[in-house]
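Protein chains in written order, with our numbering: chain A, 1102 to 1317; chain B, 1102 to 1317.
All residues carry an ideal CB built from backbone N, CA and C; glycine is no exception.
There are 2 protein chains.
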Amino acid sequence: MLINPRPSEIPAAAHDRVYRTLRSRIMYGDIAPGQAMTLRGIGEEFEVSMTPAREAARRLVAEGALSMTSSGRVSTPELSGERIEELAALRALIEVELASRALPRAHMALIERLQMINTSIADQIARQDAVGYIRTNLEFHRTLYLRAQAPAMLAMAEQVWLQLGPTMRALYGRLRRKELPHFHRLIVAALKAGDEPGLRLAVRSDVTQGLKMLVR
Amino acid sequence: MLINPRPSEIPAAAHDRVYRTLRSRIMYGDIAPGQAMTLRGIGEEFEVSMTPAREAARRLVAEGALSMTSSGRVSTPELSGERIEELAALRALIEVELASRALPRAHMALIERLQMINTSIADQIARQDAVGYIRTNLEFHRTLYLRAQAPAMLAMAEQVWLQLGPTMRALYGRLRRKELPHFHRLIVAALKAGDEPGLRLAVRSDVTQGLKMLVR
DNA sequence: AAACCCGCTTTGTGATCACAAAGTATGCAT
DNA sequence: ATGCATACTTTGTGATCACAAAGCGGGTTT
């Protein structure tokens, strides 16, 4: 037999490991906008050759997580106000739909989990941990949207998050939060009540409110 | 001086040429769903080594234009009914928004151009040219959406088109068209009248109608 | 007749190298 | 002191190669 001698230990290709690590850093605001990086530098950090470093970088470029000069150098993007507005509008469109599709499947266990995540977010705020806050905030949204059973839409939403990652950190610096975003409470309340219009509005507001500050 | 000795002749990197050609084939339904391809095969066809072939393939995988087995083999995706429904919903969401943003900027020159494209579409239908039909149909949509001045949204819409490419060909085979899709006429009419609700409905219908047939 | 095992072939992965273009700093001339 | 040309360094691109794993037959055994 022995089809899979070590099912728990998936070796994970080198380029994939590099990709995933960089993706997390970018999505959760670990890297500031405009930060440049070199293929050799990436390879050195992950102890791999240029080949997998290049593949990971190009994949992130394809997803809009990194931008590329005409000479092939990569860096995190510095988004214009117009682009931020577009991405916020995309978040609103897609995530409202995802929430709406998740609503009929949202049982009590899911709502309790969302409330748990909300207390965790409050933790990150108290600790002034920008990266932790962004990651946990996105986890709140992802947990809800997973219930929509719509992987293609969720992938699109995550791609938008990825493009906004470095910018979200800059945002966090400006609006020095003191408490949990209250739209999260509204989302949970609408889920409990089965209130679809209320849910749509709450999600749209939560997704839009922060980004508005960056457009000016 | 001579900053740019040959401004018209941009050499275009090998991997980019491969990428663009494959992307066109996929988006316009030149390749059937489930079609497998090898990196060495791609390299051979374009007379390049495996390196740029691999980059082009992985970029297309990142955009959802190709799917990949766990062992790294690539092929055009065979979409499930659920996934087609999701992608159709995404088209509706994004393209309705793009059309709505294009409306206030749509002048007579644009409308005339759209009508020209419509006659061209009728041509492709008469000629029974599936690939030509799909390409020209998407050109109609792209021409309209370009006026929205929303590059991030347009890129998202095109990514959805790309994912649906191989499936669109299969669709074309089923609904043996005899005449121009009448929603295209409705779109032009709504643009002329400045009728935003009508435009939204026409775009949503045009985008949704064909795909419905594939879900069953 | 069907299942299985073992060989060869095909194929993706990653490292290394040569090369060209872009970027950067140095030094000279005005 | 400033502008510019030139040499050097850094960096991405693409080709080639070694390797391991996956796919694919054919042949044997039960």
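The region 1208-1226 of chain A makes no contact with the region 1208-1228 of chain B, as fewer than three CB pairs between them are under 8 Å. In summary, Thr1170(A) is exposed, with fewer than 16 beta-carbon neighbours lying within 10 Å of its beta-carbon over all protein chains present. In this structure, Gly1130(B) lies near Arg1270(B), with their beta-carbon atoms less than 7 Å apart.
Considering only Arg1124(A), Ala1115(A) and Gly1266(A), the residue with the shortest C-alpha distance to Glu1148(A) is Ala1115(A). Near chain B, meaning a CB-to-CB distance below 7 Å, the residues of the region 1136-1156 of chain A are Glu1156. Residues Asn1219 of the same chain have their beta carbon placed closer than 6 Å to that of His1285(B), with the five preceding and five following residues left out of the count. Neighbours of Ala1113(B) in chain A, taken as residues at a C-beta separation under 9 Å, are lacking, since the least C-beta distance is about 11 Å.
Tyr1120(B) has its alpha-carbon roughly 10 Å from the corresponding atom of Ile1143(B).
In terms of Cα proximity to Arg1305(A), the closest of His1283(A), Met1128(A) and Arg1248(A) is His1283(A).
Under the Cβ criterion (8 Å, minimum of three pairs), the region 1169-1185 of chain A counts as touching the region 1123-1138 of chain A.
Around Glu1156(B), the same chain offers His1116 as residues with beta carbons nearer than 7 Å, after the five sequence neighbours per side are excluded. Excluding the 5 residues flanking it on each side, Glu1259(B) has same chain C-beta neighbours closer than 8 Å at Met1128 and Arg1243, in chain order. Annotation: the continuous alpha helix (DSSP H) that includes Val1232(B) extends over Ala1231 to Leu1247. Setting aside the 5 residues that flank it on each side, Tyr1234(B) is surrounded in the same chain by Ile1222, Gln1225, Ile1226, Tyr1273 and Arg1278, each with a C-beta closer than 8 Å to its C-beta; the list follows chain order. At least 7 Å separates the beta-carbon of Leu1188(A) from that of Gln1250(A).
Residue ranges of uninterrupted alpha helix (DSSP H) with 4 or more members, entirely inside the region 1134-1184 of chain B and ordered along the chain, are 1140-1147 and 1151-1163. Judged by DSSP secondary structure, Ala1258(A) falls within the alpha helix (DSSP H) whose first and last residues are Pro1252 to Arg1275. Take Ala1203(A), set aside five residues on each side of it, and the residues of its chain with a beta-carbon closer than 7 Å to its own are Leu1245, Tyr1246, Arg1248 and Ala1249, in chain order. Taking every protein chain shown into account, the CB of Met1217(B) has fewer than 16 other CB atoms within 10 angstroms, so this residue is exposed. Out of Asp1307(B), Gln1310(B), Ala1113(B) and Asp1296(B), the CA that lies nearest to the CA of Ser1172(A) is found in Ala1113(B).
Taken residue by residue, none of the region 1210-1227 of chain A has a beta-carbon sitting less than 8 Å from a beta-carbon on chain B. When 7 Å is used as the limit between beta carbons, Ala1163(A) is near these residues of chain B: Arg1160, Ala1163 and Glu1164, in chain order.
Following the DSSP letters along the chain, one finds Arg1118(A) inside the alpha helix (DSSP H) bounded by residues Ala1115 to Met1128. When C-alpha distances from Lys1313(B) are compared across Glu1297(B), Ala1294(B) and Thr1268(B), the shortest belongs to Thr1268(B). Within 10 angstroms of the beta-carbon of Met1209(A) lie fewer than 16 other beta-carbons, which makes it exposed. The distance from the Cβ of Ala1166(B) to that of Arg1124(B) is about 6 Å, consistent with a contact at the 8 Å cut-off.
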